[in-house]
Every structure is written in C-alpha cells, then in structure tokens.
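Chains as they are written, first to last, in numbering that gives the first Met the number 0: chain G, 0 to 95; chain X, 0 to 330. What follows is a single structure, written as structure tokens, with notes after it.
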Amino acid sequence: MTDTTVWPLWEVFVRSSRGLSHVHAGSLHAPDQEMALRNARDLYTRRNEGVSIWVVRSEDIVASDPGAKDQFFESPKGKDYRHATYYTKSEGVKHL
Amino acid sequence: MAEHTSTQAGDGGRLQAVLSPEDEAGQARFDEIIAQDSRIEPRDWMPEGYRKTLTRQVSQHAHSEIIGMQPEANWITRAPSLKRKAILMAKVQDEAGHGLYLYSAAETLGTPRHVLNEQLLTGRAKYSSIFNYPARTWADMGAIGWLVDGAAIANQVPLCRASYGPYGRAMVRICKEESFHQRQGFEILLELSRGTAEQKKMAQDAVNRFYEPSLMMFGPPDADSPNSKQSMAWNIKRFSNDDLRQRFVGMIVEQAKVLGLTLPDPDLRFDEESGKWIHKDLNWDEFKAVLAGNGPCNAQRLQRRREAHEDGAWVREAAAAYAAKTNEKAA
Numbered sequence: 000m001t002d003t004t005v006w007p008l009w010e011v012f013v014r015s016s017r018g019l020s021h022v023h024a025g026s027l028h029a030p031d032q033e034m035a036l037r038n039a040r041d042l043y044t045r046r047n048e049g050v051s052i053w054v055v056r057s058e059d060i061v062a063s064d065p066g067a068k069d070q071f072f073e074s075p076k077g078k079d080y081r082h083a084t085y086y087t088k089s090e091g092v093k094h095l
Numbered sequence: 000m001a002e003h004t005s006t007q008a009g010d011g012g013r014l015q016a017v018l019s020p021e022d023e024a025g026q027a028r029f030d031e032i033i034a035q036d037s038r039i040e041p042r043d044w045m046p047e048g049y050r051k052t053l054t055r056q057v058s059q060h061a062h063s064e065i066i067g068m069q070p071e072a073n074w075i076t077r078a079p080s081l082k083r084k085a086i087l088m089a090k091v092q093d094e095a096g097h098g099l100y101l102y103s104a105a106e107t108l109g110t111p112r113h114v115l116n117e118q119l120l121t122g123r124a125k126y127s128s129i130f131n132y133p134a135r136t137w138a139d140m141g142a143i144g145w146l147v148d149g150a151a152i153a154n155q156v157p158l159c160r161a162s163y164g165p166y167g168r169a170m171v172r173i174c175k176e177e178s179f180h181q182r183q184g185f186e187i188l189l190e191l192s193r194g195t196a197e198q199k200k201m202a203q204d205a206v207n208r209f210y211e212p213s214l215m216m217f218g219p220p221d222a223d224s225p226n227s228k229q230s231m232a233w234n235i236k237r238f239s240n241d242d243l244r245q246r247f248v249g250m251i252v253e254q255a256k257v258l259g260l261t262l263p264d265p266d267l268r269f270d271e272e273s274g275k276w277i278h279k280d281l282n283w284d285e286f287k288a289v290l291a292g293n294g295p296c297n298a299q300r301l302q303r304r305r306e307a308h309e310d311g312a313w314v315r316e317a318a319a320a321y322a323a324k325t326n327e328k329a330a
C-alpha cells in the first residue's frame, strides 16, 4: 500500500520557565493539533526544557520577505537617537 | 562567479552560464553573508550547489541517527539491569529525536519529509557506514557510546557553526544531548574493565572492533575527499576530515588510559614536529565496500527500517483519518 498520508508541518514554541517568553524550538509533522502538542512534548522537552508549549501550523505563519530586508527595516536605521547610548553629555552623572 | 557556475555543472550537470539579475543579486548577497561568517536562513537566496550539498549532508545525517537506533535498540531487552535498560531506552529515544531535528532542518531546504524518507527506504540515500557493523556483546554498547558517539561529537561540535542556520541550531541541540551518550558508554566500559578478567577482555574486544570504524567516521582522507574544499569555502565544514580525525585520536588516548584498555594501533604516536597525532593506515577499501552496501549489516538494517515503516502504516492512516474526521466536524 502506498503511503499517501502526508502530515502537515507545525512550528513548535517552548516556554522554558515561568516569566519567560515562548521561543521557537523547531518543527515537526503531525496529523492534528493534539498530536502536534504530544509530539512536541516528546521531541523538544525530553529533559525538562519547558513548562508550556505552543504549536502553530507552519503555513499559518506570515513572514517578512528576506529579499526586501533592506527596505523593510530601513526606517529605524540612522535613528540612533532612539537609543540611550546616543546621549553622551550625561556621562558621569549618577542614576541617569 | 566562474567557480560557482562550474560547481553547478559538476553537481547537477546543468550549466547556467548566464545568471538572471535576481540571481546575480542573490549570489552577491549570499557571498557577502558567507564572507561575514554570518548565517544563511531558509528563505534566503542560495546557490543550487549549496542547497543540494546541504540537503544531502543533513538528510544523510538524519538517516544515520534513525538507522543508528537499531544496534542499540537491539540490546535494550538484554541490558544487564533495569537502570541500564532505562538509560539505553533514553539514548535510543534521543537518536530518534536527533533524526527528527535534522529532517526538519533538511526540509527547510525544500525537499519534503516523505521524499527524504523514501530515499532512505529505497536505499538511494546513504547513512553513516558505522551502523552497518554488528553490536555483538554488551561491551559494544560501551564502545559505541565512547568511540562512535565520541567521534560523532568531535565531528558535530564544529557543525554547530555551520553557515546554514537551521542545521547549526539542530546541531547545538544534538551536541548537548550527545555528551550523555558518550559518558554512559565510557561508564559501561569502565565497569567492565574493572570487573572480572572475562569482562575486561570483553571490553577490550569491543574497543578493538570499533576503533578503526570509528576513525573512518570522519570520512575519507583529505586528498580523497573532493567535496570538502567547497564545503569549507561555504562555511559548512570548519575543519578537514584528517584534522578532526587526528584530534579525536588525541582525545581518546588519555581516556583509554583511564579505562585501563589499549587502542589497537601500534603506530599511534604524537608527532612533535607537526603537532598532530599519527595513527595507523585505515582500511579504506573496507570503508568503500561498507558504504556501497556490502557491510556486515547493510541489508539487515534497511530491511528492519522498511518493516518498521510498513508496520506503522496503519497508525499513520488511522491518525490521518481521525484528523480528517475532526476537521469535518469542526467545519
């Protein structure tokens, strides 16, 4: 029998401990969301790496275009004044 | 640019003499990222040769992890204590996990999982030749952990810095987990070595059999490894096969002393002049024969893999049917 059951791809995000964000851990194939969660647990938290898992269908993720990277992220460039390090005159002044 | 074109011709037989403006810009951006020793990510433009080389390397690596489950899984029921069984099961689960991390990384290059899987099942894809050797005794679990996983780690640590992001990230995860594998193998050998004379002999015998095949895991000698140069130029590979091999030998020399075992290599010595370890000539004819499918266990390993895949078919079908039914209800 030919195996035509190609399971969809899911992205896995793991929260390593309370107070931290979920971080992308990797991806896996699973037939449905429940199996995706269980597989993610078995695959990405075999050593207590997480207290919470998100799984998201890979096709549902919207990503910026890496080719248009320069235009897309152009706006913050040249705006050093958005960083504290831009302001040097206060150097040496305490608690500032 | 000329070099790039010739690589494509060599790999795919398609000569692309003229690049489109998009490809040219992509190539320039790619070259820049590599020159900065930064990382290439899945949706970046990359040369066909780079994609092909990585797909082959990462999927072969994944296949090796999956086939590598077999010699050890075979010993779970015969492991000498409940503790040893639990440890061995954890290790085999890790190998499965490593295979899955790597398949995911390979897939980001554009070849779907079921295609990669089929390449393994039909015998078109290669995997590490080491897993075509039989694991004859319990001491082999020790030698595999210490030498085979040790060689794998020596090979994989530099791959954490591979220029392809998903591959490097998978390797980081794998290397963290592999160190447990090597230590547990070392412990098995140490306990046997400190046991009865018969147990010590068993440990020595296992080391004797796995020494040479584990050194061959680093691949053919540099002079005989035509793809290495390009892989190093692309920052996939960071050190040459011979370099990693001699470094590994140097590490296990001291470890063997702690084990109270010897390495079956009368030529082994540290060469002050070159600062490198010199080991015996390895049997590369055997390596090629095993890689070509004529090792002691090639047929058995593939057959077992096919059976496992076929035996699991009803589970996959049931899961897919259940998912379809649930989706229908929800819709």
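We put the CB at the ideal spot given by N, CA and C, even for glycine.
Listed by chain order, chain X residues near residue i by CB distance under 7 Å
i: residue 26 (chain G); result: 103
i: residue 49 (chain G); result: Going along chain X, no residue has its Cβ under 7 Å from residue 49 (chain G), so there is no contact; the nearest lies around 13 Å.
i: residue 42 (chain G); result: 96 and 99
Between the CA atoms of residue j and residue i - distance to the nearest angstrom
i: residue 47 (chain X); j: residue 23 (chain X); result: 13 Å
i: residue 53 (chain X); j: residue 93 (chain X); result: 22 Å
i: residue 57 (chain X); j: residue 105 (chain X); result: 6 Å
i: residue 210 (chain X); j: residue 281 (chain X); result: 10 Å
i: residue 226 (chain X); j: residue 79 (chain X); result: 44 Å
i: residue 62 (chain G); j: residue 75 (chain G); result: 19 Å
i: residue 112 (chain X); j: residue 270 (chain X); result: 46 Å
i: residue 89 (chain G); j: residue 82 (chain G); result: 14 Å
i: residue 77 (chain G); j: residue 32 (chain X); result: 22 Å
i: residue 50 (chain G); j: residue 28 (chain G); result: 21 Å
i: residue 36 (chain G); j: residue 100 (chain X); result: 16 Å
i: residue 319 (chain X); j: residue 153 (chain X); result: 40 Å
i: residue 81 (chain X); j: residue 67 (chain G); result: 57 Å
i: residue 32 (chain G); j: residue 54 (chain G); result: 7 Å
i: residue 40 (chain X); j: residue 77 (chain X); result: 44 Å
i: residue 86 (chain G); j: residue 72 (chain G); result: 23 Å
i: residue 135 (chain X); j: residue 20 (chain G); result: 47 Å
i: residue 251 (chain X); j: residue 96 (chain X); result: 27 Å
i: residue 65 (chain G); j: residue 221 (chain X); result: 36 Å
i: residue 17 (chain G); j: residue 24 (chain G); result: 17 Å
Residue i in three-state terms, based on DSSP
i: residue 53 (chain G); result: strand
i: residue 66 (chain G); result: helix
i: residue 76 (chain G); result: coil
i: residue 86 (chain X); result: helix
i: residue 269 (chain X); result: strand
i: residue 25 (chain G); result: strand
i: residue 217 (chain X); result: coil
i: residue 152 (chain X); result: helix
i: residue 260 (chain X); result: coil
i: residue 98 (chain G); result: This structure cannot speak to residue 98 (chain G), because chain G is shown only from 0 to 95.
i: residue 287 (chain X); result: helix
i: residue 32 (chain X); result: helix
i: residue 166 (chain X); result: helix
i: residue 275 (chain X); result: strand
i: residue 108 (chain X); result: coil
i: residue 120 (chain X); result: helix
i: residue 39 (chain X); result: strand
i: residue 145 (chain X); result: helix
Contact list for residue i against chain G, beta-carbon separation under 8 Å
i: residue 121 (chain X); result: Correct list: empty, because the minimum Cβ distance to chain G is about 13 Å.
i: residue 325 (chain X); result: 31
Contact list for residue i against chain G, beta-carbon separation under 9 Å
i: residue 98 (chain X); result: The contacting residues do not exist; residue 98 (chain X) stays about 10 Å from chain G at best.
Cross-chain neighbours of residue i in chain G, by beta carbon under 7 Å
i: residue 322 (chain X); result: 30 and 31
i: residue 50 (chain X); result: Residues of chain G passing the Cβ test: none, with the nearest at roughly 15 Å.
i: residue 43 (chain X); result: 65
i: residue 331 (chain X); result: Residue 331 (chain X) lies beyond the range of chain X shown here (0 to 330); nothing can be said about it.
i: residue 316 (chain X); result: 4
Contacts that residue i makes with chain X (C-beta to C-beta distance below 9 Å)
i: residue 5 (chain G); result: 111, 112, 113 and 319
i: residue 45 (chain G); result: 89, 92, 93, 96 and 176
i: residue 62 (chain G); result: 42
Test: residue i CB closer than 8 Å to a CB of chain A
i: residue 36 (chain G); result: Absence of chain A from the displayed structure is noted, the protein chains being G and X.
Own chain residues within Cβ distance below 8 Å of residue i, not counting five before or after
i: residue 4 (chain G); result: 30
i: residue 36 (chain X); result: 162 and 234
i: residue 324 (chain X); result: none
Residues near residue i in its chain [Cβ-Cβ closer than 6 Å; skip 5 each side]
i: residue 138 (chain X); result: 191, 201, 202 and 205
i: residue 331 (chain X); result: Outside the displayed range of chain X (0 to 330) lies residue 331 (chain X), so it cannot be described from this structure.
Close-in-space but distant-in-sequence residues of the same chain around residue i (CB under 7 Å, 5 per side omitted)
i: residue 156 (chain X); result: 174
i: residue 224 (chain X); result: 218 and 240
i: residue 40 (chain G); result: 52
Quiz item: Does the stretch 164 to 182 of chain X come close enough to the stretch 112 to 121 of chain X that 3 or more CB-CB pairs lie under 8 Å?
Solution: no
Quiz prompt | Cβ pair count under 8 Å reaching 3, the stretch 264 to 280 of chain X against the stretch 231 to 247 of chain X | solution = yes
Self-check item: Sufficient close CB pairs (3 or more, under 8 Å) joining the stretch 121 to 130 of chain X to the stretch 57 to 67 of chain X
Solution: yes
Quiz item: Are the stretch 41 to 48 of chain G and the stretch 13 to 27 of chain G touching by the rule of at least three beta carbon pairs closer than 8 Å?
Solution: yes
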